[in-house]
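With numbering that gives the first Met the number 0 applied, the sequence shown covers 0 to 349.
Here a beta-carbon is modelled for each residue, glycine too, at the ideal position from N, C-alpha and C.
Let me begin by presenting the structure, written as structure tokens, before commenting on it.
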Amino acid sequence: MTLRPVLSSLPAYVPGRTVPGAIKLASNESAYPPLPHVLQRIADAAANANRYPDNTSSELAGALAARYGVPADQVAVGCGSVSLCTQLVQAVADADDEVVYAWRSFEAYPIITAVAGASAVQVPLTAGHVHDLDEMAARITGKTRLLFVCNPNNPTGTAVGRDALVRFLRAVPADVVVALDEAYREFVADPDVPDGLTLLPEFPNVVVLRTFSKAYGLAGLRVGYAITADPVLATALRQTQVPFAVTSVAQAAALASLEPAAEEQMAQRVDEVRRERVRVRDALRDLGHDVPASEANFVWLPLGERTVEWAARCEDHGVIVRAFASSGVRVTISSPAENDRLLAAAADLG
Ligand SMILES: *Cc1c(COP(=O)(O)O)cnc(C)c1O
Numbered sequence: 000m001t002l003r004p005v006l007s008s009l010p011a012y013v014p015g016r017t018v019p020g021a022i023k024l025a026s027n028e029s030a031y032p033p034l035p036h037v038l039q040r041i042a043d044a045a046a047n048a049n050r051y052p053d054n055t056s057s058e059l060a061g062a063l064a065a066r067y068g069v070p071a072d073q074v075a076v077g078c079g080s081v082s083l084c085t086q087l088v089q090a091v092a093d094a095d096d097e098v099v100y101a102w103r104s105f106e107a108y109p110i111i112t113a114v115a116g117a118s119a120v121q122v123p124l125t126a127g128h129v130h131d132l133d134e135m136a137a138r139i140t141g142k143t144r145l146l147f148v149c150n151p152n153n154p155t156g157t158a159v160g161r162d163a164l165v166r167f168l169r170a171v172p173a174d175v176v177v178a179l180d181e182a183y184r185e186f187v188a189d190p191d192v193p194d195g196l197t198l199l200p201e202f203p204n205v206v207v208l209r210t211f212s213k214a215y216g217l218a219g220l221r222v223g224y225a226i227t228a229d230p231v232l233a234t235a236l237r238q239t240q241v242p243f244a245v246t247s248v249a250q251a252a253a254l255a256s257l258e259p260a261a262e263e264q265m266a267q268r269v270d271e272v273r274r275e276r277v278r279v280r281d282a283l284r285d286l287g288h289d290v291p292a293s294e295a296n297f298v299w300l301p302l303g304e305r306t307v308e309w310a311a312r313c314e315d316h317g318v319i320v321r322a323f324a325s326s327g328v329r330v331t332i333s334s335p336a337e338n339d340r341l342l343a344a345a346a347d348l349g
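Okay, here's the thing in structure tokens:
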């Protein structure tokens, strides 16, 4: 058989490893299972699994529209926001069109760009591990169709502030789409980091991507959403969706997660992560690691050439972290007890 040549050159998406008996701090998941009433709604939806789901997730899109005060035709639901990233590239980029993103950033961007047949333009982060937005704007050409800005950035946890982001958006031509990947938005504490939705009225080319996988703790069910300034882009995301990609169970769980009681519980879990990430960062810095401030549910250890060995030795201590070879280690902030295990391992490793 003949496969497309691009397949042999793809970087592999490395999922966080799961090792029996070890704790997994490798995939930015919630430490806690779904809330009881969400589990009940999952079970109720599962009882109707002989039926196809609502292909456009209209009830969930409506609930999201109401929550954020936008028209429902500006909302597109997807099978995780990584699927929406893929649909976005498919919607805007033809072969050899350019997709610009920071590097290092979310490891799915290079894969989906390559699979779509588009060209990737990777712009290095600054020395402080932050998006270099001026350089990203400078790299726009007549072929650029899309820029991803991951805010806060995975895997470094750093975030860009309002002034820098607005200056950048003003520099991007109106016909080039900017995806603000806000998978970790709920964890942001710094008031200077803008909520992407507040930028939509001024910038019709912006799309905000969010997910139920992280703060809402539904990573296993695969549901995320996009909110666009222009309904045409939301329609394009529905056109590029794999039919029935968002299961009825995922739709029901997401809807249940938006109820006020669930939002309150989620906020408490998020508060714990915000407290813990400061505690973990301070402890790692006391051990001599140069950990940037994080606005997400993980911290970044720029270990360079020590990365792979450090991660392997962590695993010997029963703690699975995510290593990006020659670059650094990303550690998910979990429950206080699991974070203590990470800190004990780190203290032992030096
Ligand atoms: C986790 C993550 C996503 C999406 O996750 P889904 O589970 O597909 O919703 C998107 N972007 C970034 C940067 C992430 O870290």
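Distance, Cα to Cα, K365 vs V318? The requested residue 365 is not part of the displayed model; the chain covers only 0 to 349.
By how many angstroms is the C-alpha of S333 removed from the C-alpha of A30? In this structure, the straight-line span from the alpha carbon of A30 to that of S333 is close to 5 Å.
What residue from A46, T112, V18, S82 has the CA that sits closest to S8's CA? Considering only A46, T112, V18, S82, the residue with the shortest C-alpha distance to S8 is T112.
Please state the DSSP three-state secondary structure of T234. Looking at T234 - three-state DSSP - the assignment turns out to be helix.
The beta strand (DSSP E) spanning F147 covers which residue range? In the DSSP annotation of this structure, the continuous segment of the beta strand (DSSP E) that includes F147 starts and ends at 143-149.
Cβ shell of P151 (< 6 Å), same chain only, five flanking positions each side left out: Excluding sequence neighbours, P151 sits near A158, Y183, E294, A295.
Extent of the continuous beta strand (DSSP E) to which D180 belongs: 176-180 is the extent of the beta strand (DSSP E) around D180.
Do the segment 96-103 and the segment 233-240 make contact, defined as three or more Cβ pairs closer than 8 Å? They do not touch, by the three-pair rule.
Once DSSP output is grouped into helix, strand and coil, what is the label at E28? The three-state reading of DSSP puts E28 in coil, since its state is none of H, G, I, E or B.
Determine whether the beta carbon atoms of A188 and R276 lie at a separation below 7 Å. Contact: no.
Can you tell me whether DSSP reads P172 as helix, strand or coil? In the displayed model, P172 falls within coil according to three-state DSSP, outside both helix and strand.
Cβ-based neighbour list, D131, same chain, cut-off 8 Å, excluding 5 preceding and 5 following: These residues qualify, in order along the chain: A101, V122, P123, L124, T125.
Name the two residues that bound the continuous alpha helix (DSSP H) containing Y12. Careful: Y12 lies outside any alpha helix (DSSP H) and carries neither H nor E.
Cβ of L63 within 7 Å of Cβ of Q250? Contact: no.
Using beta-carbon positions only, say whether E304 and S325 come within less than 7 Å of one another. In contact: E304 and S325 (Cβ atoms closer than 7 Å).
At which residues does the alpha helix (DSSP H) containing S57 begin and terminate? In the DSSP assignment, S57 falls within the unbroken alpha helix (DSSP H) covering 57-67.
Curious, which full-length beta strand (DSSP E) runs of at least 3 residues does the segment 179-231 contain? If we require 3 residues or more, the beta strand (DSSP E) runs fully inside the segment 179-231 come out as 205-210, 223-227.
Under 6 Å from any heavy atom of ligand 1, does the C-beta of T210 make it? Under cutoff, so the answer is yes.
Starting from the Cα of T246, find the closest Cα among S26, L2, V5, A46 and give me that residue. Of the listed residues, the one whose Cα sits closest to T246 is A46.
Go to T331, then tell me how far its beta strand (DSSP E) extends in each direction, as first and last residue. Per DSSP, T331 belongs to the beta strand (DSSP E) from 327-331.
Span of the alpha helix (DSSP H), counted from its first residue to its last, around I262: Reading off the sequence shown, one finds Glu at residue 262, where the question assumed Ile. E262 -> alpha helix (DSSP H) spans 259-285.
Tell me the DSSP bridge mates of S293? Answer by DSSP bridge pairing: none, since S293 is not bridged.
Run the proximity test for S7: is its beta-carbon closer than 6 Å to any non-hydrogen atom belonging to ligand 1? Using a cutoff of 6 Å, the CB of S7 does not count as near ligand 1, since none of the ligand's heavy atoms is closer than that.
Is the beta carbon of T155 sitting closer than 7 Å to the one on W299? Yes, they are a contact pair.
Among all the DSSP beta bridges, which residues are the ones paired with G77? G223.
Within the present structure, is the beta-carbon of R153 separated from the nearest heavy atom of ligand 1 by less than 6 Å? The question names Arg, but residue 153 in the sequence shown is Asn. A heavy atom of ligand 1 is found nearer than 6 Å to the CB of N153.
Considering just the uninterrupted stretch of the beta strand (DSSP E) at V245, what are its terminal residues? If you look at V245, you'll find it isn't in any beta strand (DSSP E); DSSP assigns it neither H nor E.
Confirm the yes/no value for this check: CB of D72, any heavy atom of ligand 1, distance under 6 Å. Every heavy atom of ligand 1 is 6 Å or more from the Cβ of D72, so no.
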